[in-house]
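Comments concern the structure below.
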Amino acid sequence: MIRIGIDLGGTKTEIIALDERRTELLRRREPTPAGDYEAILTLLVRLVRETEIEIGKRGSIGVGTPGALSPATRRIRNSNSTCLNGRPLRDDLERLLGREIRVANDANCFTLSEAADGAARNAPVAFGVILGTGVGGGVVIHGRIIEGANAIAGEWGHNPLPWPRTDELPGPPCYCGRHGCIETFLSGIGMSADHERTTGEKIAADEIAQRAAMDDAAAGASLARYEQRLARALGMVINVLDPHVIVLGGGVSNVERLYRNVPKLWNEWIFSDVVRTRLVSNFHGDSSGVRGAALLWENNA
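Put into structure tokens, the structure is as follows:
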């Protein structure tokens, strides 16, 4: 059976086709139409049809998207790609493609992929983290996505930064309408904004990391603040979920020093004498979320 997965991102949309052994048959990436729901539908339908023509077979379809389907309305909510909010994405795709579609939060798809055969393989409890344009999270227990009663399990990015310091209050405004969400500090944009507030210089998160690696004092201080905040935020997750593995994805996950430094810091906030949770980088890289979307048809949560 061919499994087709789509990762619908804010700036790019990726499609993949896997065979029954999870071998990649095809992968393609295109820009996501900005702020245009109808154009996004057209793109997704075209990508599926072109993929099936190229591989010569019809496949199951899974879609990973920012936000999640509301259990009450069947419409997307909580997406930082705001043109999706309030839209019946799954229903529209099922109508246009003439088959059942599975839709899940993009961080859930990322975590499922890494738990299936990636960096969190064989972990009884895995927490997947997206540190990119936004901050997302997913929970996989014994190989199954846990969505929860309200379909918001793992949404740690819209909790307040824990154990805040005086200079972190009330925190930056978030698109969700609150202030001080974890996302406003730990997204790539959040790191950049923190650096600008402190130094007056506006540079991207990847440049901050590069400068820190070259012993730039200001960049090093910004990255150290980021690591300390990440340690607090993940310490809270460990206190609640107690995962065996936390796997990082998104652009900020490429900062190698996080995996050394954050576990050295988080013990201060974890309610245990021993911390066995491992912090690891993703195995499947940029393809991980799209692979997880394809694997939704193997997930019986």
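For what it's worth, numbering that gives the first Met the number 0 labels the leading residue of the sequence shown as 0, then goes sequentially.
Ideal Cβ placement from N, Cα and C applies to all residues, glycine included.
Predicted model only: the values in this text are computed from it and were never measured.
- In chain order, G133, V134, G156, H157, C173 and G189 place their CB closer than 7 Å to the CB of E182, counting only its own chain and leaving out the 5 sequence neighbours on each side.
- A distance below 7 Å between beta-carbons, with the five flanking residues on each side excluded, links L88 to the following residues of its chain, in chain order: T64, I75 and V102.
- Looking only at V279, N298 and G55, the smallest Cα-Cα distance to G117 is reached by V279.
- Residue ranges of uninterrupted beta strand (DSSP E) with 3 or more members, entirely inside the stretch 80 to 128 and ordered along the chain, are 100 to 104.
- In this structure, G219 keeps its C-beta atom at 8 Å or more from the C-beta atom of A230.
- Counting only residues of its own chain and dropping the five nearest sequence neighbours on each side, E93 has a CB closer than 8 Å to the CB of E99 and I100.
- Around the beta carbon of D214, fewer than 16 other beta carbons sit within 10 angstroms, so the residue counts as exposed.
- The alpha-carbon separation between S252 and N281 amounts to approximately 8 Å.
- Within 10 angstroms of the beta-carbon of L168 lie fewer than 16 other beta-carbons, which makes it exposed.
- When beta bridges are read from the DSSP output, E23 appears opposite L17.
- Put simply, the backbone Cα of E19 is about 31 Å away from that of A148.
- The DSSP-derived three-state label of S78 is coil.
- Minimum Cα-Cα distance from Q227 among the listed residues S287, S69, P161 and G170 corresponds to P161.
- Beta bridge pairing from DSSP links G248 with I129.
- Annotated three-state conformation of G156 is helix, per DSSP.
- The way I'd put it, the stretch 5 to 15 doesn't touch the stretch 51 to 59; fewer than three beta-carbon pairs between them come closer than 8 Å.
- Three or more Cβ pairs drawn from the stretch 120 to 130 and the stretch 233 to 241 lie within less than 8 Å of each other, which places the two stretches in contact.
- For S69, no beta strand (DSSP E) segment is defined, and its DSSP state is neither H nor E.
- Three or more beta-carbon pairs separated by less than 8 Å link the stretch 196 to 212 to the stretch 243 to 259, which places the two stretches in contact.
- In the DSSP assignment, T31 falls outside any beta strand (DSSP E), carrying neither H nor E.
- Annotation for T197: the continuous alpha helix (DSSP H) segment containing it runs G187 to T198.
- Between L294 and R2, the C-beta spacing is below 8 Å.
- In the DSSP assignment, V289 falls within the alpha helix (DSSP H) that extends over S287 to A293.
- Collapsing the DSSP output to three states places L278 in a strand.
- Of the residues T31, P30, I15 and P32, the one whose Cα lies closest to the Cα of L24 is I15.
- Its chain contains E113, A125, V244 and V246 as the residues whose beta carbon lies nearer than 6 Å to that of A119, once the 5 sequence neighbours on both sides are disregarded; these appear in chain order.
- By the Cβ neighbour-count rule, E37 is exposed, with fewer than 16 other Cβ atoms within 10 Å of its own.
- Per DSSP, reduced to three states, the secondary structure at I181 is helical.
- A straight line joining the alpha-carbon of G176 with that of N79 spans about 12 Å.
- Taking 8 Å as the cut-off, the beta carbon of N298 is found closer than this to the beta carbon of L111.
- In this structure, V139 and L240 do not form a Cβ contact; the two beta carbons are roughly 11 Å apart against a cut-off of 8 Å.
- Under DSSP, V134 shares a beta bridge with L130.
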